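This report refers to the structure that appears directly beneath it.
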Amino acid sequence: MPFVSELLEDAQAVRARPRGTAADRTALVSYLIEPVLPRRLPHRFRGHSNRWECRELVARLCRLGYEVDVIDFDKAERLPRDHYDLVLALDSELLEIAGRTSPDILLSHLTGASPQYNNEAELERLEQLELRRGVRLPPHRLAADPESTLEAYGAADHCSLIGNNWTRSTYPADIAAKAHEIPVTGSVAYVKQASRLVPDEREFVWFFGAGAVHKGLDLVLEAFSGLPEARLHVIGNIQGETEFMTEYRKELFETPNIRFHGMLDPAGRDFRRIADRSVAFVAPTCSEGTSTACVTMLQVGLLPVLTVQAGVDLDEGAGIMLNEASADEIRESVIAVNRAPQEALRMEIATTQAGALDRHSRARFSSSIGSYLRGVTG
Numbered sequence: 160m161p162f163v164s165e166l167l168e169d170a171q172a173v174r175a176r177p178r179g180t181a182a183d184r185t186a187l188v189s190y191l192i193e194p195v196l197p198r199r200l201p202h203r204f205r206g207h208s209n210r211w212e213c214r215e216l217v218a219r220l221c222r223l224g225y226e227v228d229v230i231d232f233d234k235a236e237r238l239p240r241d242h243y244d245l246v247l248a249l250d251s252e253l254l255e256i257a258g259r260t261s262p263d264i265l266l267s268h269l270t271g272a273s274p275q276y277n278n279e280a281e282l283e284r285l286e287q288l289e290l291r292r293g294v295r296l297p298p299h300r301l302a303a304d305p306e307s308t309l310e311a312y313g314a315a316d317h318c319s320l321i322g323n324n325w326t327r328s329t330y331p332a333d334i335a336a337k338a339h340e341i342p343v344t345g346s347v348a349y350v351k352q353a354s355r356l357v358p359d360e361r362e363f364v365w366f367f368g369a370g371a372v373h374k375g376l377d378l379v380l381e382a383f384s385g386l387p388e389a390r391l392h393v394i395g396n397i398q399g400e401t402e403f404m405t406e407y408r409k410e411l412f413e414t415p416n417i418r419f420h421g422m423l424d425p426a427g428r429d430f431r432r433i434a435d436r437s438v439a440f441v442a443p444t445c446s447e448g449t450s451t452a453c454v455t456m457l458q459v460g461l462l463p464v465l466t467v468q469a470g471v472d473l474d475e476g477a478g479i480m481l482n483e484a485s486a487d488e489i490r491e492s493v494i495a496v497n498r499a500p501q502e503a504l505r506m507e508i509a510t511t512q513a514g515a516l517d518r519h520s521r522a523r524f525s526s527s528i529g530s531y532l533r534g535v536t537g
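Quick note: the sequence shown uses the numbering used here, first residue 160, plus one each step.
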């Protein structure tokens with residue numbers, strides 16, 4: 160590891176220093192404190208890949224000669240220093256921090272689609288659900304204060320973007336022009352071997368975190384409730400979305416071909432048993448940067464059935480890109496997967512898996528973020 164770190168308890172921060180050499184510059188990273196803590200926690204990089212990515216970003220800054228203070232993105236009230244040579248932040252806190260520390264270099268790290276696009280997309284999904292079922296559910300993935308966030312992105316000297324060309328297209332032209340695309344990594348997960356890519360069961364997976372309607376679970380449940388011959392596994396941290404759980408109780412708990420598992424570790428035994436029986440994942444999300452969940456499922460070895468809003472680039476002829484993201488279209492896609500010849504399907508999945516393992520590897524992220532930081536720091 161190219162740095163050593165210490166906890167600054169009074170400031171709720173961690174300070175990372177280059178190992179074996181003196182730092183000649185200072186940086187503040189407003190992201191995640193836990194991955195940079197000096198103690199080694201078991202499975203610290205399990206779960207969302209942003210933990211490892213944050214640590215790697217800090218490591219790259221240390222290699223460039225920075226002493227790096229790290230704070231949680233929502234804890235900018237107390238800062239360890241009055242001045243930094245470089246500040247990197249996720250959202251609107253960038254402007255507040257910059258006003259207090261007068262950095263020479265101001266960087267934004269964009270991890271999703273434009274906050275305005277994100278909010279409009281989720282609200283539209285909720286309106287569509289209300290039209291179908293006569294119930295209005297609350298949003299769970301709205302970005303706070305999108306105007307201030309876009310102002311911060313506009314003020315940044317440079318932006319790193321977890322996303323692809325579609326993600327870039329959701330931003331105003333001035334922000335899109337200075338955004339440097341960084342490939343997201345997948346979560347630590349079980350990777351299926353070639354012989355297991357097309358199991359006899361051909362079951363399906365919905366795998367996401369919070370935000371059931373944002374991630375299209377309502378549409379997936381409605382599709383599979385009309386497909387008794389196709390089995391769906393719902394894996395996600397949505398138990399706290401009580402209104403959704405109530406509205407879709409029948410589909411989640413009383414429909415024989417649908418099983419709700421809650422959140423599972425994609426590197427764990429329970430997930431592996433499901434993956435070995437499954438052939439595809441269904442991800443009709445309405446807004447992402449590049450979805451870590453989708454990348455993880457691609458690397459596991461499941462065929463993608465997703466929307467362009469997942470921010471995932473697929474090889475031509477591999478996977479299914481949903482156009483309408485309706486329950487009917489999802490149902491038709493599931494039927495098509497179940498009817499596909501085994502060898503053709505195996506080759507298609509092998510292509511998407513290999514592409515994801517290459518394009519979204521930790522080595523690719525390290526190279527990309529390292530090149531970006533070298534370029535913007537001079």
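Where a beta carbon is used, it is the ideal one built from N, C-alpha and C, also for glycine.
Keep in mind the model is a prediction, meaning the values are calculated, not measured.
Would you check if the distance between the CB atom of residue i and the CB atom of residue j is smaller than 8 Å?
i: residue 175; j: residue 243; result: no
i: residue 462; j: residue 507; result: yes
i: residue 207; j: residue 343; result: no
i: residue 274; j: residue 326; result: no
i: residue 178; j: residue 163; result: yes
i: residue 256; j: residue 235; result: yes
i: residue 469; j: residue 513; result: no
i: residue 425; j: residue 455; result: yes
i: residue 296; j: residue 402; result: yes
i: residue 237; j: residue 311; result: no
i: residue 289; j: residue 320; result: no
i: residue 167; j: residue 197; result: no
i: residue 371; j: residue 334; result: no
i: residue 492; j: residue 464; result: yes
i: residue 299; j: residue 369; result: yes
i: residue 215; j: residue 525; result: yes
i: residue 444; j: residue 478; result: no
i: residue 496; j: residue 439; result: yes
i: residue 365; j: residue 399; result: no
i: residue 191; j: residue 231; result: yes
For residue i, report the span of its alpha helix (DSSP H) as first-last.
i: residue 428; result: 428-436
i: residue 515; result: 501-518
i: residue 260; result: 252-260
i: residue 492; result: 486-498
i: residue 306; result: 305-314
i: residue 291; result: 274-292
i: residue 377; result: 376-383
i: residue 454; result: 451-459
Return the first residue and the last residue of the beta strand (DSSP E) that residue i is part of.
i: residue 177; result: 172-177
i: residue 190; result: 184-190
i: residue 225; result: 225-231
i: residue 421; result: 417-421
i: residue 466; result: 462-466
i: residue 340; result: 338-341
i: residue 321; result: 317-321
i: residue 267; result: 264-269
i: residue 479; result: 479-481
i: residue 248; result: 245-248
i: residue 528; result: From DSSP, residue 528 is part of no beta strand (DSSP E) but of the alpha helix (DSSP H) over 521-536.
i: residue 395; result: 391-395
i: residue 163; result: 162-167
i: residue 362; result: 362-367
Tell me whether residue i is buried or exposed, calling it buried when 16 or more other Cβ atoms sit within 10 Å of its Cβ.
i: residue 480; result: exposed
i: residue 352; result: exposed
i: residue 376; result: buried
i: residue 252; result: buried
i: residue 408; result: exposed
i: residue 387; result: exposed
i: residue 482; result: exposed
i: residue 460; result: buried
i: residue 500; result: exposed
i: residue 131; result: Outside the shown range of the chain, which is 160 to 537, sits residue 131, and nothing can be said about it.
i: residue 294; result: exposed
i: residue 437; result: buried
i: residue 432; result: exposed
i: residue 361; result: buried
i: residue 210; result: buried
i: residue 281; result: buried
i: residue 324; result: exposed
i: residue 601; result: Given a span of 160 to 537 for the chain in the structure shown, any question on residue 601 remains unanswerable.
Using a Cβ-Cβ distance cut-off of 8 Å, determine whether residue i contacts chain D.
i: residue 314; result: As a matter of chain content, chain D is missing from the structure shown, which is built from one protein chain.
Assuming residue i and residue j make a contact with CB atoms under 8 Å, what is their CB distance in whole Å?
i: residue 380; j: residue 363; result: Actually they do not touch by this definition, with Cβ atoms about 12 Å apart.
i: residue 418; j: residue 393; result: 7 Å
i: residue 303; j: residue 229; result: No, residue 303 and residue 229 are not in contact; Cβ-Cβ is about 22 Å, not under 8 Å.
i: residue 241; j: residue 270; result: Contact doesn't hold; Cβ gap of about 28 Å is too wide.
i: residue 509; j: residue 356; result: 6 Å
i: residue 305; j: residue 278; result: 6 Å
Inset, instruction - Spell out a yes or no on whether the segment 258-274 and the segment 217-224 are touching, meaning 3 or more CB-CB pairs, one atom from each, closer than 8 Å. - result: no
Inset, instruction - Decide if the segment 234-251 is in contact with the segment 299-315; the criterion is three or more beta carbon pairs, one per stretch, under 8 Å apart. - result: Verdict: yes, contact present.
Inset, instruction - Give a yes or no on contact between the segment 334-349 and the segment 450-457, applying the rule of three or more CB pairs nearer than 8 Å. - result: yes
Inset, instruction - Report yes or no: do the segment 480-496 and the segment 519-528 share at least 3 C-beta pairs separated by less than 8 Å? - result: no
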